[in-house]
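Just remember that my numbering sits 466 ahead of the position in the sequence shown, which is counted from 1. Backbone N, C-alpha and C define an ideal beta-carbon position, used for all residues, glycine too. Remarks on the structure that follows.
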Amino acid sequence: MKVLLLLAGQSRRFWPLAEKSLFPVCGKTLAEHQVETLKAAGFKDITLIVGAHNKKELKKLFPTLKLIEQKGDGMFGACMTALLKMKGGPILIVSGNDVIDVAAFDLLKKEMTKPKTDGAILARKVKMYFPGGYLTVKGGKISSIIEKPGAGKEPSKLINIVAHIHNDPSALLGALKKVKNTKDDGYEQALHLLFQEKTYRAAAYDGFWQPVKYPWHLLPLLGHFLSGIKKPLIHRSAKIHHTAVIDGNVVIGEGTRVLAHATIVGPCVIGARCVIGNNALVRGSSIGDDCVVGYNTEVKGSVLAGPVWTHMTYLGDSIIGRNVSFGGGSTTGNLRLDEGEISSVDGDQAIPTGLTKLGMIVGDDCRFSTQISCYPGVKVGRGSFVSDCALIKEDVPEKSYVNIKEGVMQVRPNKMTVPPNAARERYRKSI
467 MKVLLLLAGQ SRRFWPLAEK SLFPVCGKTL AEHQVETLKA AGFKDITLIV
517 GAHNKKELKK LFPTLKLIEQ KGDGMFGACM TALLKMKGGP ILIVSGNDVI
567 DVAAFDLLKK EMTKPKTDGA ILARKVKMYF PGGYLTVKGG KISSIIEKPG
617 AGKEPSKLIN IVAHIHNDPS ALLGALKKVK NTKDDGYEQA LHLLFQEKTY
667 RAAAYDGFWQ PVKYPWHLLP LLGHFLSGIK KPLIHRSAKI HHTAVIDGNV
717 VIGEGTRVLA HATIVGPCVI GARCVIGNNA LVRGSSIGDD CVVGYNTEVK
767 GSVLAGPVWT HMTYLGDSII GRNVSFGGGS TTGNLRLDEG EISSVDGDQA
817 IPTGLTKLGM IVGDDCRFST QISCYPGVKV GRGSFVSDCA LIKEDVPEKS
867 YVNIKEGVMQ VRPNKMTVPP NAARERYRKS I
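Put into structure tokens, the structure is as follows:
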């Protein structure tokens, strides 16, 4: 069976982080995790549907896989582009944004063994409204799909997860060609046409599922990936001081040094060439390559893409991009005083995150001076600098300079440039 893995999305809602398919968690990008799961499920013929913005990087990651650059928008554009270039079948279409277990693919395969089955759609019952496609099932077959009907207007509690088997790709292509308005739900319209003529079955799935739309979705994903670590794995070139404590299932990469009295509590992944400084505490986190978790720093339940530098810093339930530095005494607020759900702003909307603990989310190439603190759930755009003793109360646009004047947070364009990493790299190697 051929697989189409859809990776061409622009990741707008993933701001301030960069391309989501290339963001590293637990030593691998999201795209690598997805391909690994597909291979574990027995699929070998995998084609990546990519965009112009990520084609080069994905080609480097997957030199042996076929790539097709998407033309047009959304799933409609992805499928039209791919199907016009492919022959034969059946095909499995998988979203790069929906992380699921290997067991999900086994359920799809099982549904396809039933007599007179033309396709199978992974489906899940939800307790509250989710902005996705809702399925109606009658007589053992899917009869309709309605995309984002709105809360209270759902035709069922069964939503579609984008893991779809089509036994006859030419029939899907034909249905796509019949769709006139392709702006938002063209693929779903084509599915609805197919459901009227052919037998598609819903594969009921209640295993792990994490859609990755917003950056905070990486935190439950972090827990999922960490739970898969079943034993410690420390590279033979890593250097662990005899007073350091490594507790639980911890992965430590090549050339990493753990200094005196540092503590790492698993499950945890520490990348290559990192320095975990004196008295530092890292627990339940993913630390990318070339990071310096400096003296007296605590990193808890966080994802650091790397390289990231800290010194006497607290990072709790936070997500930090590449090439970011924190000065001494910087602290993330990650819990509301009333311990309620934390919201994050998207445009002019406050989006509930579903989390009661969420620190800060920081884009690439940012610099934080000393004694910085932030409200839970704030986001800092790429290339921003934050002056000393600042309290970040709200999201910071890209390439901004933040300071405090008479107790008020002020934001203006950042005229400074991010310094080259050469000096920091020399320092990291000398520690």
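Query, Result
"Using only the alpha-carbon positions, how far apart do CYS766 and ARG749 sit?", "It should be noted that the sequence gives Lys, not Cys, for residue 766. So the alpha carbons of these two residues sit roughly 5 Å apart."
"Exposed or buried, what is SER703 when buried is set at 16 or more other beta-carbons lying within 10 Å of its beta-carbon?", "exposed"
"GLY847 and GLY829 look like a contact to me (Cβ under 8 Å); what is the Cβ gap, rounded to whole Å?", "5 Å"
"Rounding to the nearest angstrom, what Cα-Cα distance links VAL560 and CYS734 in this structure?", "28 Å"
"Tell me which same chain residues have a C-beta within less than 8 Å of the C-beta of PRO879, skipping the five on either side of it?", "LYS865, SER866 and TYR867"
"By the DSSP assignment, the beta strand (DSSP E) with VAL568 in it spans what residues?", "Careful: VAL568 lies outside any beta strand (DSSP E), inside the alpha helix (DSSP H) at 568-578."
"Is the segment 600-620 touching the segment 673-692, taking contact as three or more C-beta pairs under 8 Å?", "no"
"Tell me which same chain residues have a C-beta within less than 6 Å of the C-beta of MET875, skipping the five on either side of it?", "LYS859"
"Below 8 Å on the Cβ atoms is my guess for GLY743 versus GLY760; work out the distance and round it to an integer in Å.", "4 Å"
"Classify LEU496 as buried or exposed, calling it buried when 16 or more other Cβ atoms lie within 10 Å of its own Cβ.", "buried"
"If we ignore side chains and look at the alpha-carbon of each, how far apart do THR665 and LYS582 end up?", "7 Å"
"Could you check what DSSP says for HIS519 in three-state terms: helix, strand or coil?", "coil"
"Which same chain residues, not among the five before or five after ILE631, have their C-beta less than 7 Å away from its C-beta?", "PRO556, LEU558, LEU574, MET578, GLY585 and ALA586"
"Alpha carbon to alpha carbon, how far is LEU699 from SER751?", "15 Å"
"Let me know the secondary structure DSSP gives MET875 once reduced to three states.", "strand"
"Note down, in chain order, each residue of its chain lying with its Cβ closer than 6 Å to the Cβ of LEU531, except the 5 sequence neighbours on either side.", "ILE512 and LEU514"
"Would you call the segment 810-817 and the segment 783-790 touching, i.e. three or more CB-CB distances under 8 Å?", "no"
"In whole angstroms, what separates the C-alpha of ASP804 from that of GLY820?", "15 Å"
"Is DSSP giving ARG788 helix, strand or coil here?", "coil"
"When we look at the beta-carbon of ARG833 and count the other beta-carbons within 10 Å, is it buried (16 or more) or exposed?", "buried"
"Under a Cβ-count criterion, where at least 16 other Cβ atoms within 10 Å of its own Cβ denotes burial, should ARG478 be classed as buried or exposed?", "exposed"
"Rounded to the nearest angstrom, what separates GLU872 and CYS855 at their Cα positions?", "12 Å"
"Contact between the segment 646-654 and the segment 538-552: three or more CB pairs below 8 Å?", "yes"
"Does SER835 pass the burial test, meaning 16 or more other C-beta atoms within 10 Å, or should it be called exposed?", "buried"
"For the alpha helix (DSSP H) holding TYR893, just list the boundary residues, first then last.", "888-896"
"How is GLN837 classed by DSSP in three states: helix, strand or coil?", "coil"
"From the DSSP output, in three-state form, read off GLY825 for me.", "coil"
"Could you tell me which residues DSSP puts in a beta bridge with ASN407?", "Outside the displayed span of the chain (467 to 897) sits residue 407, for which this structure offers no information."
"Excluding the 5 residues preceding and the 5 following ALA746 in the sequence, name in chain order all residues of the same chain whose CB lies nearer than 6 Å to its CB.", "ALA728, VAL759 and THR763"
"Taking DSSP as the reference, what is the three-state secondary structure of GLU535?", "strand"
"For the candidate residues MET594, GLY598 and LEU550, whose alpha-carbon lies nearest to that of ASP564?", "GLY598"
"Classify ALA816 as helix, strand or coil using the three-state DSSP reduction.", "strand"
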